[in-house]
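Chemist:
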Amino acid sequence: MPDSAFSQVRKIDNSRAWMPVATFFIVIFSILLFIWFFRGGSIRLYASIFFGLYYLTRQIWLSVILIGILQSIAFLPLRFISLKLSTSIKNFEDELDQIKTTDEQYILFQQKVRKGDFAIIFYIFYFLISAIAFFSAGRLFLINFYHTPLDPTLIYDFIPYPSYPLMGSDFHFPFFHVNATTAVSWGSIIYFWIGLSVFFAILHFIWRILKFFLANNKSILRFRIGYNKILIAIGGVGLTLMIVSSYFLRHVPTDVSFVWLVADLTRQNSTMNLITAIGTFLTVIIAGLKDNSIASKNLKANGVEPEVVERLIKARTRSSFQNALVLGIGAYAVTSQIPSAFELSVATFEVIYLLSPLTFDRLLSHADSQTTPDPSPEKND
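Just so you know, the numbering used here puts 81 at position 40 of the sequence shown, and the rest follows in order with no gaps.
(1) Which one or two residues does DSSP pair with serine 298 in a beta bridge?
(2) Could you check what DSSP says for valine 487 in three-state terms: helix, strand or coil?
(3) Going by DSSP in three states, threonine 223 sits in which element: helix, strand or coil?
(4) CB-CB under 7 Å to threonine 222, same chain, minus the five flanking residues each way: which ones, in chain order?
(5) Going by C-alpha distance, which of Arg80, Leu385 and Arg357 is nearest serine 334?
(6) Smallest Cα separation from leucine 423: which of Arg359, Ile327 and Ser238?
(7) Return yes when the Cβ of arginine 85 is within less than 9 Å of the Cβ of isoleucine 196, no when it is not.
(8) Let me confirm a value: alanine 304 is counted as buried when at least 16 other C-beta atoms fall within 10 Å, else exposed. Which label applies?
(9) Which first and last residues belong to the alpha helix (DSSP H) in which isoleucine 184 is found?
(10) What number of angstroms, rounded off, separates the C-alpha of valine 239 from the C-alpha of phenylalanine 233?
(11) Near valine 219, which residues of its chain fall below 6 Å by C-beta distance, leaving aside the five closest residues on each side in sequence?
(12) For phenylalanine 199, which three-state DSSP category applies?
(13) May I ask which residues mark the beginning and end of the alpha helix (DSSP H) holding leucine 191?
(14) DSSP three-state call for phenylalanine 212: helix, strand or coil?
(15) Start and end of the alpha helix (DSSP H) containing proline 118?
(16) Decide if isoleucine 114 is buried, meaning its Cβ has at least 16 other Cβ atoms within 10 Å, or exposed.
(17) According to DSSP, which residues form a beta bridge with valine 293?
(18) Okay, do the region 366–374 and the region 73–92 touch, 3+ Cβ pairs below 8 Å being the bar?
(19) Assuming methionine 208 and arginine 308 are in contact, meaning their beta carbons sit under 8 Å apart, how far apart are those beta carbons, in whole angstroms?
(20) Proline 380: buried (16+ other C-beta within 10 angstroms of its C-beta) or exposed?
(21) Give the straight-line distance between the Cα atoms of isoleucine 106 and alanine 178, rounded to the nearest whole angstrom.
(22) Have a look at Tyr202, Phe159 and Met283 and flag the residue whose alpha-carbon is nearest the alpha-carbon of isoleucine 235.
(23) Please tell me whether phenylalanine 216 and leucine 302 are closer than 9 Å, where the distance is taken between their beta carbons.
(24) Measuring straight from C-alpha to C-alpha, what distance separates leucine 237 and isoleucine 319?
(25) Taking the alpha-carbon of serine 386 as reference, which of Asp192, Asp332 and Arg180 has the nearest alpha-carbon?
(26) How should threonine 194 be labelled, buried or exposed, when 16 other C-beta atoms within 10 angstroms of its C-beta is the threshold for buried?
(27) Taking the CB atoms as reference points, tell me whether serine 83 and alanine 174 lie closer together than 9 Å.
(28) Quick one: grab the DSSP three-state call for serine 397.
(29) Ordered along the chain, which non-local residues of its own chain (more than five positions away) have a Cβ less than 6 Å from that of glutamate 384?
(30) Identify the continuous alpha helix (DSSP H) that holds isoleucine 90 and give its terminal residues.
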């Protein structure tokens, strides 16, 4: 019996046959994931993991930290896949950047999904999983299970139900208490900023004069690159840096003592609020610096003029700083209304992120180097 037209088409091009199938299964799994989330499956999973850790440690604060570490470890395979697909995702982002209207961007995105682009589908899936994990952890620590016995249906049957009152709700953390300060005169502060501005202006003027004679000098070029990075960093946050530094110079610590502060995780704590806000600010700033560094390399690799790259990175730095400031203030406003356990959870993820270049990122880079074949040709004996 002769093959049908549909079978003949599939024989000609099987590459287009399986990709929509992958899209179909991802969509079905995402729908099931949404149903599981809205029916309380994710909160039950997190509550069971948390109280399983509490059963082992008998400390609320330690269980909060451990659940953040376990989640980061569980997400390593997803992060590894994301790392392998980063080039494809970056190419897609570049395509979106080249399209001006939102409608055209949506059409391109829709086409990628319909074609079953695995990188885009995985990116959506990864975002969905991350969002569910974030909301589930936040929802768990906002439940008043500290004083009121937890609903037993929120814990799996094989997890021992905790006995009340719960133990280990006090979190001890190191801090520095400023006992006395001194103030630098406003005249000295103003002269300092004027002198610094004049110094950078003179350097810029000298470079403009000698640019055509020293442009090919590698030593000068290295100095110029470092100088540009400083200017971009200062130029993006110049006014705020002046305000913050002026405040510090007006309150220079002269007597500092080391203390251990105690935060009851079942209650709101102003010091923890401030620490969370600062941590959020720093995390967003560092994430922005990483993105800017990658963007700068890509722009230069594509032949964009250095002056144009400087302006773009300066604008991105300013935007990143503004986002960090808004999110930091927002974090302080939100956490000042909720128990400190949620803040400790957020702080754990922030610390893990800040330390990731020394921890998880090294594991991912090592795994990536092991799985990436050597492009160099084999040597003949």
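For glycine and all other residues, C-beta sits at the position ideal for the given N, C-alpha and C.
Bear in mind the structure is a predicted one, so any value in this text is a computation, not a measurement.
Modeler: If we stick to the structure as given:
(1) Reading the sequence shown from its first residue, position 257 is the one you call residue 298. Beta-bridge pairing links serine 298 to His218.
(2) Here the chain comprises residues numbered 42 to 422, so residue 487 is not present and cannot be evaluated.
(3) Working through the sequence shown from its first residue, we reach residue 223 at position 182. Strand at threonine 223.
(4) In the sequence shown, counting from the first residue as 1, residue 222 sits at position 181. Correct list, in chain order: His292, Val293, Pro294 and Thr295.
(5) By one-based count along the sequence shown, residue 334 stands at place 293. The residue with the shortest Cα to Cα distance from serine 334 is Arg357.
(6) Residue 423 falls outside the range modelled here, since the chain spans only 42 to 422, and no answer is possible.
(7) Here residue 196 corresponds to residue number 155 of the sequence shown, with the count starting at 1. Here residue 85 corresponds to residue number 44 of the sequence shown, with the count starting at 1. Contact flag set, yes.
(8) For the purposes of this step, residue 304 is taken as residue 263 along the sequence shown, with counting starting at 1. Counting Cβ neighbours within 10 Å, alanine 304 comes out buried, since at least 16 surround it.
(9) Locating residue 184 in the sequence shown gives position 143, counting from the first residue. Unbroken run through isoleucine 184: none, as it is neither H nor E.
(10) Reading the sequence shown from its first residue, position 198 is the one you call residue 239. Reading the sequence shown from its first residue, position 192 is the one you call residue 233. Valine 239 and phenylalanine 233: Cα-Cα distance of roughly 10 Å.
(11) For the purposes of this step, residue 219 is taken as the residue at position 178 of the sequence shown. The answer, listed in chain order, is Pro294 and Val297.
(12) For the purposes of this step, residue 199 is taken as residue 158 along the sequence shown, with counting starting at 1. Looking at phenylalanine 199 - three-state DSSP - the assignment turns out to be coil, as it is neither helix nor strand.
(13) Translated into positions along the sequence shown, residue 191 becomes position 150. No alpha helix (DSSP H) contains leucine 191, which DSSP labels as neither H nor E.
(14) For the purposes of this step, residue 212 is identified with residue 171 of the sequence shown, where counting begins at 1. Residue state, collapsed to three classes: strand.
(15) For the purposes of this step, residue 118 is identified with residue 77 of the sequence shown, where counting begins at 1. Taken as a continuous stretch (DSSP letters only), the alpha helix (DSSP H) holding proline 118 covers 117–125.
(16) Within the sequence shown, the letter at position 73 stands for residue 114. Exposed is the call here.
(17) For the purposes of this step, residue 293 is taken as the residue at position 252 of the sequence shown. Answer is Thr223.
(18) no
(19) Here residue 208 refers to the residue found at position 167 when the sequence shown is read from its first residue. Here residue 308 refers to the residue found at position 267 when the sequence shown is read from its first residue. So it is not a contact: roughly 16 Å between Cβ atoms.
(20) Stepping through the sequence shown from its first residue, residue 380 is reached at position 339. So proline 380 ends up on the buried side.
(21) As a first step, residue 106 is located in the sequence shown; it is residue number 65 there, counting from the start. As a first step, residue 178 is located in the sequence shown; it is residue number 137 there, counting from the start. Near 12 Å, if we compare the C-alpha coordinates of alanine 178 and isoleucine 106.
(22) Looking up residue 235 in the sequence shown gives position 194. Of the listed residues, the one whose Cα sits closest to isoleucine 235 is Met283.
(23) The sequence position of residue 216 within the sequence shown is 175, counting from 1. The sequence position of residue 302 within the sequence shown is 261, counting from 1. Contact flag set, yes.
(24) For the purposes of this step, residue 237 is taken as residue 196 along the sequence shown, with counting starting at 1. For the purposes of this step, residue 319 is taken as residue 278 along the sequence shown, with counting starting at 1. Each residue's Cα considered, the two are about 27 Å apart.
(25) Here residue 386 is taken as the residue at index 345 of the sequence shown, counted from 1. The candidate whose alpha carbon is nearest that of serine 386 is Arg180.
(26) What you label residue 194 is simply residue 153 of the sequence shown in a count that begins at 1. Answer is exposed; the Cβ neighbour count stays below 16.
(27) As a first step, residue 83 is located in the sequence shown; it is residue number 42 there, counting from the start. As a first step, residue 174 is located in the sequence shown; it is residue number 133 there, counting from the start. Cβ atoms of serine 83 and alanine 174: closer than 9 Å.
(28) Position 356 of the sequence shown, counting from 1, holds the residue named residue 397. Here serine 397 sits in helix by DSSP.
(29) As a working note, residue 384 is residue 343 in the sequence shown. Met313, Thr317 and Thr376.
(30) Within the sequence shown, residue 90 is the residue found at index 49, counting from 1. Its alpha helix (DSSP H) spans residues 82–98.
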